[in-house]
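Enquirer:
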Amino acid sequence: SDGSAATDSFPPLPTVGTRTDYTRWRIKDNDSCHSWHYLEDDKEVEAWPQSSAEKYFLGLPLNLPDLPKAETPIEAAENGLAFYKELQMPSGHWACEYGGPMFLLPCVVSAWYLTKTPIPDAYATEIKNYLTARAAENGGWGLHIEGESTVFGTTLNYIVMRLIGADPEEPVMVKARARLHELGGAVQAPHWAKFWMACLGIVDWKIVNPIPPELWLLPDWAPLAPWRWWVHIRMVFLPMSYMYSKRWSCEETDVIRALKKELFVTPHSEIDWAAHRNSIHPGDNYHPKSWVMNVLNWLIVNIWNVFLRTNWIKNRAERWVSELVDMEDANTDYADLAPVSGPMNTVLCYIRDGPNSYSVKRHIERMEEFLWINKEGMLSNGTNGVQCWDTAFTVQAIFATGLQKHEKYQPMLLKAMNYLERQQIREDCKDQEKCYRQPRKGGWPFSNRDQGYPVSDCISEALKAIILLQKVGDYPQVLDDDRIKDAIDILLLYQNDNGGVSSYEARRGSEYLEIFNVAEVFGRIMIEYDYPECTTACVTALSLFHEHWPEYRAREIKTFIQRATNWIKGNQRADGSWYGNWGVCFTYATMFALESMAHIGEKFENSAVSRRGCVFLLEHQRVDGGWSESYKACETTEYHEHPSGSLVVQTAWAVIGLMEADCPLQAPIRAGIKFIMSRQQPNGEWLQEAIEGVFNRSCMISYPNYKFHFPIKALGMYAQKYPDDKL
Ligand code: LAN
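Just add 26 to the spot in the sequence shown (first one is 1) and you have the UniProt record's numbering.
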């Protein structure tokens, strides 16, 4: 799209076709701010050839030659790198699809609709293709691509289909509608879906549980004050509260009128909206609201809103919320934290600033960066990308193979290094204290610098990559010591009082805040928790730093590591494993925890903790040498095998964990390595298997580059550890 601005009247719905010409899609890589463009003009197509990476993402043939068959682990790693190198982007990072959640595209498309932004036909066509491909067998859509269809997924994506111009009588729509009606219709939807439907004017605001902006007027000491919440929840409820406060809805149009008929099992005019405020289908109710929350909601709706809420309070709260949104926009150049809050902030700016404002135009441009195209069609990524994260792991994987010394790999590594250099955040937030942010100067984000939110483990992984390049690999120094120390200074802020480490910020509130979780579809979202993955990343980064700068903040670093590793020990489960919060699941976290232990010298031979972790992994190895954990483990917090058998990424994680712990049993590790090699394709690639990632326990998310850098790391580690074993 040309990022065309919103207009005063609703543009016509796009014309959805059957398929776009996939040879016409290109990614603009503006220092890793990605946007996909459909080239209508033949001359443009010629002038801008499709890269291997673009072809790969689109599922088009790359026609790469078959490589000499790998006989040894290191040859397999080299073949893997030969393929993976082709996917490096012009700015030096690795890009990928980051799909999985099925509630993100609806946020983007609703925001387009509400701001009257024309949707290009090519987008509409591919969005329809994607949703058609991802519809469940029994009709409808789930919370994420592997989940069963729910009211949440079905309602929101049905709306998307209609807003992009799909015909309600098409088979996929008929089936989805039937499924939705079987589940009780859209009145059974969770809070966030009700919110979007209210903005679209499909439901009355009475069906939406309260999101009072007054919460932001609470004093900082109040235990419920929003600055204490996990940043994602804080940033979503912020713009939501503004729309709720205004009970803002767009004008009725033909398609909205039609949706009012299609989404419900009873006639729209007969629905008692207030009575359905707490209606929710059991399949959507992962975290049922507490009775305290239900009472509180009742009091807000029936007492506060009716008798106590003065205009003065309303206006003050709206003004402050709106100012906080402005600060978020300023600190991210309108990219915003993620694709839920971003589209909501867009709508807020539209309501407040009007269709022709800079804020709306810039938001709409930046929302493009959430979109991605794969062989099935167009989807929304979970963030504006995985750039820094994957690039940092890729560099480390190459160091695990020892191949960084070879000239052949130097251009790739140099480009990656310069990329990471440019992505370090160089300044703190404007109005840092006022908008409840913490220092960020020196940090690295998960995606890119524009997004501007450092995360404990993203800082750590990027920092390790840079230190390896500069200190171990003899690559030129692109970051001076001060910049490296900046990273350490902010990393030290992430430790919680119990020694564990969180994601975006150290914990600011009590676990009791979960009582106020109203999102229903997610568990444990109100505050930051401790994560073995993030904790390990900090332990390893601080250890590596300390090796090379033994003087700098040495005492604090030592204490940090000691407290962090103690926390990891305490977090081990009775069966020897650790629960993974961001990857599937026990295998992922156990790999990290074993790495932490190894960094304090606790390994299989001398530590019960490490040995029990290894035993856990060994017990779950399958006869073909692989490991295979299913995402079900994240939901149920018990180990589950994946029905499709051994998986490459899981196997890589398990053998990396075992090698970190110096597990003396070579045979199982060898069998795992053999399995990874057996799954490698003749051109060096590995194929996509089961979904790798998770958040909030219930929602899965893809990490497509994991199938490259983790196997390469595992193969490299094996080759270094057993140089004589040719397999
Ligand atoms: C991510 C992606 C990266 C992930 C890791 C760095 C892997 C992790 O170790 C720390 C947490 C973090 C940064 C993370 C947090 C939650 C995110 C941002 C996501 C899983 C990607 C999408 C998700 C976000 C919350 C999606 C929007 C949904 C809402 C509930 C607001």
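Using N, Cα and C, we set each Cβ at its ideal position, and we do this for glycine too.
On a CA-only basis, which of 613, 576, 640, 212 is nearest residue 672? Give me that one, please.
Expert: 613
Enquirer: Note down, in chain order, each residue of its chain lying with its Cβ closer than 8 Å to the Cβ of residue 273, except the 5 sequence neighbours on either side.
Expert: The residues are 224, 231.
Enquirer: If you draw a straight line from the alpha carbon of residue 463 to that of residue 455, how long is it in whole angstroms?
Expert: 7 Å
Enquirer: Residue 556 to residue 522, Cα distance in whole Å?
Expert: 8 Å
Enquirer: Taking residue 132 as the reference, give the member of 481, 267, 190, 572 with the closest Cα.
Expert: If we check each option's Cα against that of residue 132, 190 comes out closest.
Enquirer: Which same chain residues end up closer than 7 Å to residue 565 when comparing Cβ atoms and leaving out the 5 residues on each side of it in sequence?
Expert: 587, 590, 591, 622, 625
Enquirer: Per DSSP, what kind of secondary structure is residue 55 in: helix, strand or coil?
Expert: strand
Enquirer: Taking only heavy atoms of the ligand LAN into account, decide whether any of them is closer than 6 Å to the Cβ of residue 418.
Expert: no
Enquirer: Which same chain residues, not among the five before or five after residue 44, have their C-beta less than 6 Å away from its C-beta?
Expert: none
Enquirer: How many angstroms separate the CA atom of residue 573 from the CA atom of residue 512?
Expert: 17 Å
Enquirer: Closest by CA to residue 515, which one among 539, 473, 524, 465?
Expert: 465
Enquirer: So which of 518, 260, 735 has the shortest CA-CA distance to residue 363?
Expert: Of the candidates 518, 260, 735, the one whose C-alpha sits nearest the C-alpha of residue 363 is 260.
Enquirer: Report the three-state DSSP secondary structure of residue 604 (helix, strand or coil).
Expert: Coil.
Enquirer: Locate the alpha helix (DSSP H) running through residue 564, then write down its first and last residues.
Expert: 558-574
Enquirer: Please determine whether the Cβ atom of residue 142 lies at a distance below 6 Å from any heavy atom of the ligand GTP.
Expert: The ligand content of the structure shown is limited to the ligand LAN, which means the ligand GTP is not among them.
Enquirer: Can you say whether residue 483 is buried or exposed, counting buried as having 16 or more other CB atoms within 10 angstroms of its CB?
Expert: buried
Enquirer: Secondary structure at residue 393, three-state DSSP: helix, strand or coil?
Expert: helix
Enquirer: Any idea what DSSP makes of residue 276, helix, strand or coil?
Expert: Reduced to three states, the DSSP call for residue 276 is coil.
Enquirer: Would you tell me roughly how many angstroms separate the C-alpha atoms of residue 134 and residue 355, rounded to the nearest one?
Expert: Going by C-alpha positions, residue 134 is about 17 Å away from residue 355.
Enquirer: Relative to the ligand LAN, is the shortest distance from any of its heavy atoms to the C-beta of residue 57 smaller than 6 Å?
Expert: Outside the cutoff, so no.
Enquirer: Verify the contact flag: residue 178, CB atom, against every heavy atom of the ligand LAN, threshold strictly below 6 Å.
Expert: no
Enquirer: Do residue 409 and residue 389 come within 7 Å of each other at the CB atom, strictly closer than that value?
Expert: no
Enquirer: Where residue 750 and residue 438 are concerned, what is the direct C-alpha to C-alpha distance, given to the nearest angstrom?
Expert: 28 Å
Enquirer: Which full runs of the alpha helix (DSSP H) of 4+ residues lie inside the region 596-651, going along the chain?
Expert: 612-625, 634-645
Enquirer: Helix, strand or coil, according to DSSP, for residue 217 in the structure here?
Expert: helix
Enquirer: Could you pull out every unbroken alpha helix (DSSP H) segment of at least 4 residues lying fully inside the region 69-135, listed in chain order?
Expert: 78-84, 99-111
Enquirer: Would residue 120 be called buried (16 or more neighbouring beta carbons within 10 Å of its own) or exposed?
Expert: buried
Enquirer: Would you mind working out which of 658, 748, 707 sits nearest residue 770, comparing C-alpha positions?
Expert: Nothing can be reported for residue 770: it is not among the residues displayed for the chain, which extend from 27 to 753.
Enquirer: So, with DSSP's three-state summary, where would you put residue 667?
Expert: strand
Enquirer: Do you know offhand how far residue 46's Cα is from residue 89's?
Expert: 22 Å
Enquirer: From the DSSP output, in three-state form, read off residue 471 for me.
Expert: strand
Enquirer: Would you mind sorting residue 452 into buried or exposed? The rule is 16 or more other CB atoms within 10 Å of its CB.
Expert: exposed
Enquirer: Residue 219 and residue 181: beta carbons closer than 7 Å?
Expert: yes
Enquirer: For the ligand LAN, is there any heavy atom lying closer than 6 Å to the beta carbon of residue 561?
Expert: Flag unset: Cβ of residue 561 not near the ligand LAN.
Enquirer: To the nearest angstrom, report how far apart residue 473 and residue 648 are at their CA atoms.
Expert: 35 Å
Enquirer: Considering only the alpha carbon of each residue, which of 163, 731, 254, 236 lies closest to residue 461?
Expert: 254
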